[in-house]
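Everything below concerns the one structure shown next.
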Amino acid sequence: MYLSLRTPAHFHSDLPSLHKLSTAQTVVDIKPPIEVIIECMHILRQMDGKMIVRKTNDNDDKKQITPSLPQSNSNDDINEKLQQLEIFRLENERLHSELNTHKTEIRVLRSERDSLMSTISKLDIELTEAEYQRFAQQQSRKK
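What follows is the structure, given as structure tokens:
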């Protein structure tokens, strides 16, 4: 069932008054929407200003709300996402391996540092003892 409506004449006469209220003094071209869907009704404005109101089927609404994708596009998208996931997983494994290698290097370097610090401490003690003995020998010779 189709119902044809014409836009009321006063609707057009009110439009110029809207332009007068504009504070920016810009000309606004106000046009009603070309197509409106309201729940179970479909309204279409024709070029000559006529409005056509039509009752829609429930199946038509569902089709408009949820656009159907071709199955192959959906599968391609899923496969692409799976490939990206696999790439990310492999990159994650590589980074974990690299991190573990760096952690091992850090442990080795810290161990070497601790060993060197221990050696420096021992050499410092030996040097202090040697200087003390030399100073003691010089004092004993002077007497």
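In the UniProt record's numbering, the protein residues as written are 1 to 143.
Heads up, the beta-carbon is just placed ideally off N, CA and C, and yes, glycines get one too.
**Reference Met47, options Ile34, Arg54, Ser74 and Lys55, closest by Cα** = Ile34
**Asked** Helix or strand or just coil, what does DSSP make of Lys81?
**Response** helix
**Message:** Can you look up Lys103 in the DSSP assignment and give me helix, strand or coil?
**Reply:** helix
**Asked** Quick one: what does DSSP say Lys122 is sitting in, helix, strand or coil?
**Response** helix
**Asn79 to Ile43 span [Cα, whole Å]** = 40 Å
**Item:** Spatial distance of Gln83 from Ser97 (CA atoms)
**Value:** 21 Å
**As assigned by DSSP and simplified to three states, the class of Lys142** = helix
**Prompt:** Expressed to the nearest angstrom, what Euclidean distance is found between the alpha-carbon atoms of Phe135 and Asp124?
**Reply:** 16 Å
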